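**Q** Quick one: structure below, then a few questions.
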Amino acid sequence: MRLFTLPLLLLVFLSAAFAATPPVSAAAPAHSFSIGTEDFLLDGQPFVIRCGELHFPRVAPEYWRHRLQMCRAMGLNTVCVYLFWNFHEWEEGRYDWSGPADVAEFCRLAQAEGLWVILRPGPYSCAEWEMGGLPWWLVKQDDIGLRTTDPRFLTPAVKFLKEVGRVLAPQQVTRGGPLLMVQVENEYGSFGADTAYMGALRQALLDGGFEVPLFACNPAGAIPNGLRDDLFQVVNFGVGAAKKSFETLRKYQKTGPLMNGEYYPAWFDTWGRAHRTGAPDPIAADLDVMLTQRHSFSIYMAHGGTSFGLWAGADRPFRPDTSSYDYDAPISEAGWGTPKFDAIREVFARHLQPGETIPAPPPANPVITIPAFTLSETAAVLANLPEPVADRTPRTMEFYDQSRGVIVYRTTLPAGPAGTLSVKAAHDFAWVFLDGRPAGVMDRRSQRYTVALPARAAATRLDLVIEAMGRVNFGREVFDRKGLHAPVRFTTADGSSAPAELVDWQVFSLPLDEKLLGSLSFQSVSAPFKSAPAAGPAFWRGEFTLQSTGDTFLDVRSWGKGVVWLNGHCLGRFWDIGPTQTMYVPGPWLRVGVNKVVVLDLVGPHQPVLAGLAKPILDELRPELDFARPVRARGEFSAAGLAPVLSGQFHPEPDWQAVNFARPATGRYLAFEVIDAHDGKAFATVAELDTLDARSEVSSKAGWKILWTDSEETTAEPGHAENLLDGQPNTHWHTVYGKGAAPYPHRVVIDLGESRALGGIRYLARAGGNDKPGRVKTYRVYLSDQPFGLIPPR
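Under numbering that gives the first Met the number 0, read the sequence shown as residues 0 to 793, first letter to last.
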């Protein structure tokens, strides 16, 4: 019998090796994929998932195959794919699975390149994408419960998931395709705890025809929320957090393989903050340990790509994401290998299954430069308005059936003395004009919603030009209506009359679509250019000629803030404050011969000149160019005469720690005071700080802002205090370290927007192992309706 043992084992090993990558024939055989007590089982054999995230909408379709080949060459055996509901159902009831939305073709290409696929269809996705993937038309309904069993949300969500099944169920491994697993929702435990909601979505996927394993992902601290026995659980974490996170996962899931659902090699970028990066060595070390222990994982992102169009979202409270989604991923925005790619490939090569090999990377795509050229035609926004809608009181753009873009509100301001124009909110940036002349800017980032207006000898036309950036993509703030939030009031500076609400408006919708661009009336600009000839925001048009095509990076450093279209493709948004100063252009979108460019600049260019560079600029901040630079409160902090509503000590582990007040307390301003840290060093870090209401439920952070902090590190790392409000466990407030470090205590003051009744707080330490410095030990919390002696910015 022993004579037959070796050949039999060899046959088993070879079959497992061949199953490690999917077959590529047109009539691929069906496979089985299941979850065993210790391993994933592919055709009955243990299988370790080496996965990486890749979003097909963030890659030009012409480059899908190239990016998949790069993933395979890095050593991945699987790619993870989000579906963004709004990318496929931007208009209610009209699904799109064609062209850039053809996910079935993407899956077929993945299979052809030897990759399995994990599908994450939402309905909520996050991913720094407009509204986290939820369709804008949901927020037309005033009190809709997003991500709940509210029928107004759940009915279209279930319908969408069943439509996903119609399109992608044939791509399952059980039917000869590459799909191994399907995710239900996304990090739902960070939002809610309704097991019935998760069950309804699970059932929708089953009803849609999915028979492969279904699973849910969450950060470690959110796993118990919405936990169901019929959903396999995976855990999300970043560098250095594997051991602790897997231990937490095992508390709730006693058997089955351990899997990381999102492993972060770096982080995404937001406008006005430094480009985020991550060193290769710690990442390679983490992956090596996970593979040694036969833990599966998905690198988020393996290739980030670009949020083309107007799809980039916004972090909360409101920090718009850059169009570049480079993410400092192993495969760069342009599809290039990086040192991180090489380090990961080397690790994976040591952990291959018998008979498995890693292919060589594909040839790099050609790169070209484009000499500087001038855009010589312009069309002022206020001179190119469409037909208006009349409205007694202005409403947000959704009520005018506008999904995104720019919206202009116009009314008449009577003659009278100087005063202040105020609005409840302007989402997201509002440029105010009197008879076409600039009067001021409103800025959602700092909730600066007032503008001083001069005296007027006669009735004056008042225009508010409002730009909608991407909707917030995380937390309850995804309910994000764009445009003007009434009431709009004018208050005289001399107090000669009561504040007057402004009524009788004309509303102009500019959705920045093909129809609008085709309607613009351009005029030539005389050279040389000295100053913007267009009054206020304007479109610019120009062209250049190429003898050959290739990838390039459009240099937008001489422009202000806006959007670029090239040969009909929307490249995304730009903003001179950085960190991104170039826009990635895929070579297939260029033409031999004449190429046409349109730029919307809401601020106005320094020079209307563009050029194509051979390399991107992702890390150049220019805060001095910010037209409404956020400022902190002035003055000295004082809690004199106030007793803390809470004091105590936190343990150092990066788990949520909720503490109730002795009795409910009320106030608008919350001061969090750090007395010392567990490591004894002179600085403090906090990942998240929430408040609890009187029922011990987590409060919404809508309307919150950082009023003041004694210290924040913004040079060596982006340790801004706003990080403790963003809902992201992998970012944190970090006080200054090095030469500028200040002694304890450290304080941060949060403006809650209005006086609120609170019952406690919830704290999360910075991510990583217990050796991470600055984790809070002793603390105090104060609550007051006065800003602790500080002078809020006006």
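Backbone N, C-alpha and C fix where the C-beta goes; we use that ideal spot for every residue, glycine too. A quick note: this is a predicted structure, and the numbers were derived from the prediction, not measured.
Is DSSP giving T690 helix, strand or coil here?
**A** The residue labelled residue 690 in the question sits at position 691 within the sequence shown. It is a strand residue.
**Q** Buried or exposed for E721, going by 16 or more other Cβ atoms inside 10 Å?
**A** Start at 1 with the first residue of the sequence shown, and residue 721 comes out as number 722. It counts as buried.
**Q** In three-state DSSP terms, what is W320?
**A** Your numbering for residue 320 matches position 321 in the sequence shown. In the sequence as displayed, the identity of residue 320 is Asp instead of Trp. In this structure, D320 counts as strand in the three-state DSSP scheme.
**Q** Does the structure place the segment 603-612 close enough to the segment 365-382 that three or more beta carbon pairs sit under 8 angstroms?
**A** yes
**Q** Sort K243, S244, M289 and A240 by Cα distance to V47 and report the nearest one.
**A** If you number the sequence shown from 1, residue 47 lands on position 48. Per the Cα distances, M289.
**Q** Could you name the residues of the same chain whose beta carbon sits closer than 6 angstroms to that of A219, not counting the 5 residues immediately before and after it, in chain order?
**A** As a working mapping, residue 219 is identified with position 220 in the sequence shown. Same-chain partners within the cutoff: V234, S244 and T247.
**Q** Out of F552, W707, T356 and A661, point me to the one whose CA is closest to A693's CA.
**A** Numbered from its first residue, the sequence shown carries residue 693 at position 694. The candidate whose alpha carbon is nearest that of A693 is A661.
**Q** For N364, does the three-state DSSP call read helix, strand or coil?
**A** Locating residue 364 in the sequence shown gives position 365, where the first residue counts as 1. Reduced to three states, the DSSP call for N364 is coil.
**Q** Take the Cβ of P360 as the centre, count every other Cβ of all protein chains shown within 10 Å, and call the residue buried at 16 or more, exposed below.
**A** The residue given as residue 360 occupies position 361 in the sequence shown. Buried, because 16 or more other Cβ atoms sit within 10 Å of the Cβ of P360.
**Q** Once DSSP output is grouped into helix, strand and coil, what is the label at A429?
**A** Locating residue 429 in the sequence shown gives position 430, counting from the first residue. A429: strand per DSSP, three-state reduction.
**Q** Roughly how many whole angstroms lie between the Cα atoms of M794 and L641?
**A** Because the chain is modelled from 0 through 793, residue 794 falls outside the range shown and cannot be assessed.
**Q** According to DSSP, R165 sits in a beta bridge with which residue or residues?
**A** Position 166 of the sequence shown, counted from the start, is the residue given in the question as residue 165. In the DSSP output, where bridge partners are listed per residue, R165 has none listed.
**Q** Whether or not the segment 341-358 and the segment 62-81 are in contact is what I'm after, with contact meaning three or more pairs of Cβ atoms, one per stretch, closer than 8 angstroms; do they touch?
**A** yes
**Q** If you compare alpha carbons, which of R227, E397, L41 and Q202 is closest to G188?
**A** Translated into the one-based positions of the sequence shown, residue 188 becomes position 189. That would be R227, whose Cα lies nearest to the Cα of G188.
**Q** Does DSSP put T551 in a helix, a strand or coil?
**A** Your numbering for residue 551 matches position 552 in the sequence shown. Looking at T551 - three-state DSSP - the assignment turns out to be strand.
**Q** Which runs of the beta strand (DSSP E), 3 residues or longer, sit entirely within the segment 690-740?
**A** 704-708
**Q** For I576, count neighbouring Cβ atoms within 10 angstroms of its own Cβ and tell me buried if that reaches 16, exposed if not.
**A** Counting from 1 along the sequence shown, the entry for residue 576 is found at position 577. By the neighbour-count definition (other C-beta atoms within 10 Å, threshold 16), I576 is a buried residue.
**Q** Terminal residues of the continuous alpha helix (DSSP H) containing V346?
**A** In the sequence shown, residue 346 corresponds to position 347, counting from 1. Residues P338 to A348.
**Q** Counting along the chain, where does the alpha helix (DSSP H) carrying V183 start and finish?
**A** Counting from 1 along the sequence shown, the entry for residue 183 is found at position 184. No alpha helix (DSSP H) contains V183, which DSSP labels as neither H nor E.
**Q** Using DSSP with H/G/I as helix, E/B as strand and the rest coil, what is Y399?
**A** In the sequence shown, residue 399 corresponds to position 400, counting from 1. Looking at Y399 - three-state DSSP - the assignment turns out to be helix.
**Q** Would N76 pass as an interface residue toward chain C - the criterion being a Cβ-Cβ separation below 7 angstroms?
**A** This model lacks chain C altogether; it includes just one protein chain.
**Q** Just the C-alpha distance for L691 and G759, rounded to the nearest angstrom, thanks.
**A** Locating residue 691 in the sequence shown gives position 692, counting from the first residue. Locating residue 759 in the sequence shown gives position 760, counting from the first residue. So the two alpha carbons sit approximately 5 angstroms from each other.
**Q** Relative to the alpha-carbon of H65, which residue among A363, C125 and R165 has its alpha-carbon at the smallest distance?
**A** On the sequence shown, residue 65 is found 66 positions in, with the first residue counted as 1. The shortest C-alpha to C-alpha distance from H65 to any of A363, C125 and R165 is the one to A363.
**Q** Restricting to Cα atoms, I'd like to know which of R409, Q522 and L452 is closest to F507.
**A** To locate residue 507, count along the sequence shown from 1; it is residue 508. Selected option, being the one with the closest Cα: R409.
**Q** Between which two residues does the beta strand (DSSP E) holding N659 run?
**A** Translated into the one-based positions of the sequence shown, residue 659 becomes position 660. Q656 to A676 is the span of the beta strand (DSSP E), which, as asked, contains N659.
**Q** Whose CA, out of E162, V102 and P212, lies closest to the CA of Q182?
**A** Locating residue 182 in the sequence shown gives position 183, counting from the first residue. Q182 has its Cα closest to that of P212, out of E162, V102 and P212.
**Q** Enumerated in chain order, which unbroken segments of the beta strand (DSSP E) with a length of 3 residues or greater are wholly contained in the segment 62-117?
**A** Runs of beta strand (DSSP E) with 3 or more residues, each lying fully within the segment 62-117, are found at 77-81, listed in chain order.
**Q** Could you please give the first and the last residue of the uninterrupted alpha helix (DSSP H) stretch that includes I282?
**A** Sequence index remark: in the sequence shown, residue 282 carries index 283 (1-based). Start and end: P279 to T291.
**Q** Determine the direct distance from the alpha carbon of N729 to that of R746, and round the result to whole angstroms.
**A** The count along the sequence shown starts at 1 and reaches residue 746 at position 747. The count along the sequence shown starts at 1 and reaches residue 729 at position 730. When rounded, the separation of the alpha-carbon atoms in R746 and N729 is 21 angstroms.
**Q** Are A492 and A425 closer than 7 angstroms when you measure CB to CB?
**A** Taking the first residue of the sequence shown as position 1, residue 492 is located at position 493. Taking the first residue of the sequence shown as position 1, residue 425 is located at position 426. No.
**Q** Which of the three DSSP states is assigned to K771 in this structure?
**A** By one-based count along the sequence shown, residue 771 stands at place 772. The answer is coil: DSSP assigns K771 none of H, G, I, E or B.
**Q** Taking the continuous alpha helix (DSSP H) assigned at L257, which residues delimit it?
**A** The residue given as residue 257 occupies position 258 in the sequence shown. Annotation: L257 is outside any alpha helix (DSSP H) and is labelled neither H nor E by DSSP.
**Q** What do you get for R57, buried or exposed, if any count of 16 or more other CB atoms within 10 angstroms of its CB means buried?
**A** For this step, residue 57 is matched to residue 58 along the sequence shown. When all chains shown are included, R57 counts as buried.
**Q** Per the contact definition of three or more C-beta pairs closer than 8 angstroms, is the segment 780-793 in contact with the segment 615-634?
**A** yes
**Q** Skipping 5 residues on each side, what residues in its chain have a beta carbon closer than 6 angstroms to that of P45?
**A** Walking along the sequence shown from the start, residue 45 turns up at place 46. Same-chain partners within the cutoff: D38.
**Q** Counting along the chain, where does the beta strand (DSSP E) carrying R755 start and finish?
**A** Reading the sequence shown from its first residue, position 756 is the one you call residue 755. Run containing R755: H745 to L763, per the beta strand (DSSP E) assignment.
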